[in-house]
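Going by the working numbering, the residue at position 12 of the sequence shown is 138; the numbering climbs one at a time, nothing skipped.
Backbone N, C-alpha and C define an ideal beta-carbon position, used for all residues, glycine too.
Please read all numbers here as calculations on a predicted model, not as lab measurements.
Notes for the one structure printed next.
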Amino acid sequence: MRYAENLSTCKVKTPDSPKSMERRSRKDRNKSDLCKTRQRYKNPLCVEEKIKYVLSYGGGVNSTALLFHLVNNKAPLDLVIFSDTGNELPETYETIKEIKVYCKNKDIDFVTVHFGYGLFDIVKPSLYAYCYARKLIPSRMFRWCSYKFKIRPIKKYLKTLGETIQYIGFASDESKRAKYKDNLYPLIAKNITRKGCIDIIKDEGFNIPVKSGCFICPYQTVKSWRDLYLNHKDLFDKAEFLENNCSNKKVVFALKPLRELKSGFGYNSNKIDDYIIPPCESGYCFT
Ligand code: SF4
Numbered sequence: 127m128r129y130a131e132n133l134s135t136c137k138v139k140t141p142d143s144p145k146s147m148e149r150r151s152r153k154d155r156n157k158s159d160l161c162k163t164r165q166r167y168k169n170p171l172c173v174e175e176k177i178k179y180v181l182s183y184g185g186g187v188n189s190t191a192l193l194f195h196l197v198n199n200k201a202p203l204d205l206v207i208f209s210d211t212g213n214e215l216p217e218t219y220e221t222i223k224e225i226k227v228y229c230k231n232k233d234i235d236f237v238t239v240h241f242g243y244g245l246f247d248i249v250k251p252s253l254y255a256y257c258y259a260r261k262l263i264p265s266r267m268f269r270w271c272s273y274k275f276k277i278r279p280i281k282k283y284l285k286t287l288g289e290t291i292q293y294i295g296f297a298s299d300e301s302k303r304a305k306y307k308d309n310l311y312p313l314i315a316k317n318i319t320r321k322g323c324i325d326i327i328k329d330e331g332f333n334i335p336v337k338s339g340c341f342i343c344p345y346q347t348v349k350s351w352r353d354l355y356l357n358h359k360d361l362f363d364k365a366e367f368l369e370n371n372c373s374n375k376k377v378v379f380a381l382k383p384l385r386e387l388k389s390g391f392g393y394n395s396n397k398i399d400d401y402i403i404p405p406c407e408s409g410y411c412f413t
C-alpha cells in the first residue's frame, strides 16, 4: 500500500484538495465522499474491505501509461475496464488486444462493457448504428454519447462489484480535466506529463497507441479528420454518410460539413486551418 499512501498525500488540484478539506468542519468532513475515499486509501485494511480498484481504460496513450505505472509501482489494481462504442479506430482495437494479453500475464482482470438496451440489455448497438437509426450524430454540446456509451455501461458494471475506486488517466498537463472528486488521478498526483506517458510506454516495449476515441467523435480537430481521411478513407466516408443522414442539417461534426472539409485534404498539404476543441471532460472518452 506504500504507493497508495504516497498518492493520497500528493497535492492534486481538484475541487476538494486536502487543504480545502482541512478547512471543512468535522461534521462536513465525515460526510465527504472524497474524504472517505482518501481514508480508505490510507487504510491498509482497504483490501480486506474488498474495495475494488479499477482502471478506466480507453486504449490511448494516457490510460495505457497509467496501467503500466500502476503495475510497476505495485498499486492496488483489480480490474481494467473498457467501454466499447464499437467505433474505435482499428489501431485502438489492436492496442486493446495487446493490453488484454498484458493484463492476463499480470493476473489482472480485463472487462469490456457496451451500451445495451432491451430485456437484459440484449441489444448492443454500436454508437454508429444508434445514431444512424435515429438520424443524429454525436454532439459536442450535450455529450450524450459519452454518457450513454462510455460512462453508463462502466458505472452499471461497477455497481455489481460493490465499492470501487476508479483510476483515471489524465496526465499532469491536463489537470484541469480532473473534476470528479471520487476518482483518483495518479498521473497528475505523480506529475507525469503526456511526454512522460510516452516514455513509460516506450520503456515497457509497447508501441505508442494512436489517439483513442470514436472515428465519429465531434471532439476531433480538423487535423484528426484529415488523418482519418488519409489513413482510413472508408471510416471517413462512413462518418460523412452519417452526417448526411442526420435529420438536422445544421448539425455537423466539425466547423463545416465533412464533404466541404475534405476538399482541403490534399495528400501533400500539411497546411490546414486547425482549431482547438476543448476535450470531453467526462474522463471516460479520453478524447
Ligand atoms: S469518443 Fe467522442 S463520439 Fe465517442 S463516446 Fe466519447 S465523445 Fe462520444
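{"Check": "Below 6 Å, is the gap between the Cβ of Lys276 and the nearest heavy atom of the ligand SF4?", "Outcome": "yes"}
{"Check": "Cβ of Cys257 versus every heavy atom of the ligand SF4: is any distance shorter than 6 Å?", "Outcome": "no"}
{"Check": "For Val206, which three-state DSSP category applies?", "Outcome": "strand"}
{"Check": "Exposed or buried, Leu171, counting other C-beta atoms within 10 Å across all chains shown (16 or more means buried)?", "Outcome": "At Leu171, the pLDDT of 42 sits below 50, so the modelled position is not reliable; the number obtained from the coordinates is stated separately. By the 10 Å Cβ count, Leu171 comes out exposed."}
{"Check": "Tell me whether Glu433 sits in a helix, a strand or coil according to DSSP, three-state version.", "Outcome": "Given that the chain is displayed from residue 127 to residue 413, the structure contains no residue 433 and the question cannot be resolved."}
{"Check": "Measure from the alpha carbon of Tyr283 to the alpha carbon of each residue in Phe241, Asn309, Arg260, then state which is nearest.", "Outcome": "Phe241"}
{"Check": "Taking C-beta to C-beta, are Ile342 and Thr190 nearer than 7 Å?", "Outcome": "no"}
{"Check": "Distance, Cα to Cα, Ile324 vs Ala297?", "Outcome": "11 Å"}
{"Check": "Starting from the N-terminal side, write out each stretch of the alpha helix (DSSP H) that is 4 residues or longer and does not extend beyond the stretch 287-332.", "Outcome": "312-315, 320-329"}
{"Check": "Give the secondary structure of Cys372 by DSSP, where H, G and I count as helix, E and B as strand, and everything else as coil.", "Outcome": "coil"}
{"Check": "Mind the definition here: the stretch 331-351 touches the stretch 375-391 only if three or more C-beta pairs lie below 8 Å; say whether that holds.", "Outcome": "yes"}
{"Check": "Alpha carbon to alpha carbon, how far is Tyr256 from Ser373? Give it in angstroms, no decimals.", "Outcome": "14 Å"}
{"Check": "Would you mind stating whether Tyr293 and Leu310 have Cβ atoms separated by less than 7 Å?", "Outcome": "yes"}
{"Check": "Name the two residues that bound the continuous alpha helix (DSSP H) containing Ser189.", "Outcome": "187-198"}
{"Check": "I'd like to know if the stretch 227-243 and the stretch 259-269 are in contact, where contact means that at least 3 CB-CB pairs between them fall below 8 Å.", "Outcome": "no"}
{"Check": "Judging by CA-CA distance, which residue of Lys375, Leu192, Arg278 is the nearest neighbour of Asp247?", "Outcome": "Arg278"}
{"Check": "When every heavy atom of the ligand SF4 is checked, does at least one fall within less than 6 Å of the C-beta of Thr211?", "Outcome": "yes"}
{"Check": "Quick check on this structure: which residue in Glu330, Ile225, Leu205, Arg269 has the alpha carbon closest to the alpha carbon of Tyr345?", "Outcome": "Arg269"}
{"Check": "At what residues does the alpha helix (DSSP H) containing Val378 begin and finish?", "Outcome": "Careful: Val378 lies outside any alpha helix (DSSP H) and carries neither H nor E."}
{"Check": "On a Cα-Cα basis, can you pick out the residue from Lys200, Tyr183, Gly212 that is closest to Glu224?", "Outcome": "Tyr183"}
{"Check": "State the Cα-Cα distance for the pair Tyr219 and Lys382, rounded to the nearest angstrom.", "Outcome": "29 Å"}
{"Check": "Could you check if Ser350 belongs to the surroundings of the ligand SF4, using beta carbon to heavy atom distance under 6 Å?", "Outcome": "no"}
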